[in-house]
Amino acid sequence: MLARVRSAAVLGIDAYLVDVEIDVANGLPTFATVGLPQGALRESRERVYAAIANTGYTFPLKRITANLAPADIRKDGSAFDLPIAIGVLAATEQIAADRLARVGVLGELGLEGAIRPVRGALPVALAARAADLEALVLPRENLAEAGVVTGLRVLGAASLAEIADFLDGRAELPSADVNVSRLFADRAADDVDFAEVKGQQHAKRALEVAAAGGHNILLVGPPGSGKTMLARRLPTILPQLSLDEALETTKIHSVAGVLPLGESLVARRPFRAPHHTISDAGLIGGGSYPRPGEVSLAHGGVLFLDELPEFRKNVLEVLRQPLEDGVVTIARASMSLAYPARFMLAAAMNPCPCGYHGDPHHHCTCSSLDVQRYLSRVSGPLLDRIDIHLEVPAVKYRELADDARAEPSARMRERVDGARAVQRERFAGRRGIFANAHMAPRDIRAHCRVADAAEALLRTAITRLGLSARAYHRILKIARTIADLDGAAGIEPRHVSEAIQYRSLDRRLGTMPGEARAAAVRS
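Heads up, the final residue of the sequence shown is numbered 1376 in this note's numbering, and it's a clean run with no missing numbers.
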């Protein structure tokens, strides 16, 4: 007796269909699962046996073989419990098998027959729709997540008995009813707002420029100056997620297992703030069976690294490739996976180990060598990939005591949206470029031409500060974004001047004596 159940597995952030073939034959009672099963899948026999018995059906005491095709791809997780159990019941003719060719099934089984939620429901639903399946049956807790996929009946079940009744035609399962427009509207209100930030007009302007062009930003200032408070409000001025962006971000969160149960869609831009003790695998992704890291969970949003020099050097250096490419490739002997990682990096650090270098109200106890050694913990190549370096001084008392309400995030977002609209039109024919920060050298040559006066100003700054070619391109990109916010067609001297101000660490290192700089790097 043979039965086939359609199911699916996740590879990277996408899913592919898997045919679960169940053969029940006479012979000594055995249960073998083939098709490269790993981890929890190897233990499915015990869960399937108990669930079938406790639901009131008979588990056959025969030779049972479960084949997961394609058999040359490693499969992991407990999501195949339900299709295996359905296959056993269909092969032994305890339930009807007529619908199985058109219905996908996915879920983990409890010993009492309950169906428990699984990871990756959204990519599985997208794969089922691409394969022209009639319906997808999965745990009820995953119903809202998979229900955002249109053109596919998504059905939720709470137990093995419910699915058996559905396949036999005795009952119907509840279907998903998700209003995507309402989801975006419900999540439009942010929990934080720039109106709550007192003073720091220069920092707010820099964050607006960063949001308008998708630029990475580093905030440097003493403790209590508001660096973290400013960074946490950065997502509130970023453009709203489009449906395609939301689906891709939701797939990543679903595969990683961090999407809350009952959540349909990640409708706000993510904000991820890992602790400085994180490992390189936790940041980038990986593991024996690779999963997305923090850089991928921040895809489409902001990755905030507080106390940047406290992160281990090897952890910071692995950021260089995703910052450039917007994707993380994890290679293993058996597979190679690519996770999207197009995020804005927002980082914060103190100006010295004690935190008060340059603060007029506190005495700094650090020597000049201590300061430079501290700064050198963040390598030059990584600093070059951070477009904006901004000094954030302590807030003055009169600004803290001022009762006037500051400019809200909504108004700042309007200007950001206007600048992004200009950039979308500019890069309409360029694949993979959505903002000025993503421009390649040929795009810089085409769109970042400067007037003669601005060229002279830029030449002087580059010569005096000894900036790298990458830093030169960063300044041009920032100037282009400032011009977009200004509604200017060309880059003018004032745009270049403001852009140079946003490279404060370049200015500081550019005025540092060569011997001191070398000593800091060696230490």
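Just so you know, even glycine gets a beta-carbon here, dropped at the ideal spot from N, CA and C.
All of these numbers come straight from a predicted model, not from anything done at the bench.
Nearest residue (CA-CA) to residue i, options the options
i	options	result
Gly1022	Ala1274, Thr1089, Asp1039 and Ala949	Ala949
Leu964	Leu935, Val958, Val1245 and Ala978	Leu935
Leu1243	Gly1074, Ala1191 and Phe1196	Gly1074
Lys915	Gly930, Thr908, Asp929 and Ile875	Ile875
Ala1290	Ala1304, Ala1272, Ala1306 and Leu1096	Ala1272
Leu1329	Arg1317, Leu1318 and Pro1346	Pro1346
Leu1358	Ile1070, Pro1213 and Ala943	Ile1070
Asp969	Phe933, Val941, Leu979 and Arg952	The sequence as given places Arg at residue 969; Asp does not occur at that position. That would be Phe933, whose Cα lies nearest to the Cα of Arg969.
Leu1114	Ile1331, Arg859 and Glu998	Glu998
Ala1199	Leu1072, Ala1288 and Leu1176	Leu1072
Lys1057	Asp1044, Asp1018, Gly1079 and Asp1159	Gly1079
Gly1179	Arg895, Leu1158, Asn1167 and Ala1194	Ala1194
Ser931	Ala1259, Thr908, Ala954 and Glu896	Glu896
Cys1301	Met1265, Gln1174, Leu1026 and Gly1343	Gly1343
Pro1246	His1210, Glu1177 and Pro1206	His1210
Ala983	Ala861, Ile1331 and Ile1297	Ala861
Asn1378	Ala938, Leu921 and Ala893	The chain is shown only over 854 to 1376; residue 1378 falls outside these bounds and no answer can be derived.
Buried or exposed (CB count within 10 angstroms, at least 16 for buried), residue i
i	result
Thr886	buried
Asp1237	buried
Met1188	exposed
Pro1366	Its pLDDT being 43, under 50, Pro1366 is placed unreliably in this model, and the coordinates cannot settle the point.
Arg1312	exposed
Asp1240	buried
Leu855	exposed
Ser1107	buried
His1152	buried
Ser1262	buried
His1214	exposed
Glu1061	buried
Ser1034	exposed
Leu881	exposed
Ala868	buried
Ala1305	Here the sequence assigns Asp to residue 1305, which means Ala is not the residue at that position. So Asp1305 counts as exposed.
Val1374	Confidence at Val1374 is low in this model, with a pLDDT of 38, below 50, so the placement of that residue should be treated as unreliable; the coordinate-derived value is given next. Val1374 is exposed by the Cβ-count criterion.
Glu1267	exposed
Glu1278	exposed
Pro1088	buried
Ala1336	buried
Thr1316	exposed
Ala1299	exposed
Pro1123	buried
Pro976	buried
Arg1284	exposed
Arg1125	buried
Pro1092	buried
Pro913	buried
Gly1077	exposed
Leu1362	Residue placement at Leu1362 is poorly supported in this model, since its pLDDT is 49, which falls under 50; the coordinates are not used for a value here.
Asp1039	exposed
Cβ-Cβ distance between residue i and residue j below 7 Å
i	j	result
Ala891	Arg927	The amino acid occupying residue 891 in the given sequence is Gln; Ala does not appear at that position. Result yes, Cβ atoms of Gln891 and Arg927 sit closer than 7 Å.
Ala904	Leu1020	no
Gly973	Val873	no
Val1001	Ser1117	yes
Leu962	Arg900	yes
Leu991	Ala1029	no
Val877	Ile917	yes
Ile1183	Ser1149	no
Leu1036	Ala1120	yes
Gly865	Ala924	no
Ala988	Leu1008	yes
Ser1334	Ala1065	As written in the sequence, residue 1334 is Thr, which differs from the Ser given in the question. Cβ atoms of Thr1334 and Ala1065: closer than 7 Å.
Ala1293	Gly1067	no
Val1168	Gly1138	no
Cys1048	Ala1259	Residue identity differs from the one stated: residue 1048 is Ala in this sequence, not Cys. For Ala1048 and Ala1259, yes; Cβs fall inside 7 Å.
Arg1085	Val1045	yes
Ile1090	Met1197	no
Leu942	Tyr902	no
Residue i CB to nearest heavy atom of the ligand SAH below 6 Å
i	result
Val863	Here there are no bound small molecules, and the ligand SAH is not part of this structure.
Any C-beta of chain C under 7 Å from that of residue i
i	result
His1214	The chain labelled as chain C is not found in the depicted structure, where only one protein chain is given.
| said: I'd like the ranges of any alpha helix (DSSP H) spanning at least 4 consecutive residues and lying wholly in the segment 961 to 1020. | reply: 974 to 983, 996 to 999 and 1013 to 1020
Tell me whether the segment 1092 to 1100 and the segment 1219 to 1228 touch, counting them as touching only if at least three CB pairs, one residue from each stretch, are closer than 8 Å.
no
Q. If you scan the segment 1096 to 1124 from start to end, which runs of the alpha helix (DSSP H) of 4 or more residues do you find wholly inside it?
A. 1096 to 1109
message = Would the segment 1161 to 1179 count as touching the segment 1128 to 1136 if we require 3 or more Cβ pairs under 8 Å?
response = yes
Query raised in the report: Okay, do the segment 1211 to 1223 and the segment 1340 to 1357 touch, 3+ Cβ pairs below 8 Å being the bar?
Result: no
* Decide if the segment 1248 to 1262 is in contact with the segment 1048 to 1055; the criterion is three or more beta carbon pairs, one per stretch, under 8 Å apart. => yes
query = In chain order, which continuous runs of the alpha helix (DSSP H) of length 4 or greater are located wholly inside the segment 1199 to 1250?
reply = 1221 to 1228 and 1233 to 1237
- Query: Is the segment 1139 to 1147 touching the segment 1183 to 1200 in the sense that three or more CB pairs, one from each, lie closer than 8 Å?
  - Reply: yes
### Message
Going residue by residue through the segment 907 to 964, where are the continuous beta strand (DSSP E) segments of at least 3 residues, counting only ones entirely within it?
### Response
916 to 922 and 956 to 958
| said: What ranges does the alpha helix (DSSP H) occupy inside the segment 1241 to 1324, keeping only unbroken runs of at least 4 residues that lie completely in it? | reply: 1250 to 1254, 1262 to 1279, 1294 to 1300 and 1305 to 1318
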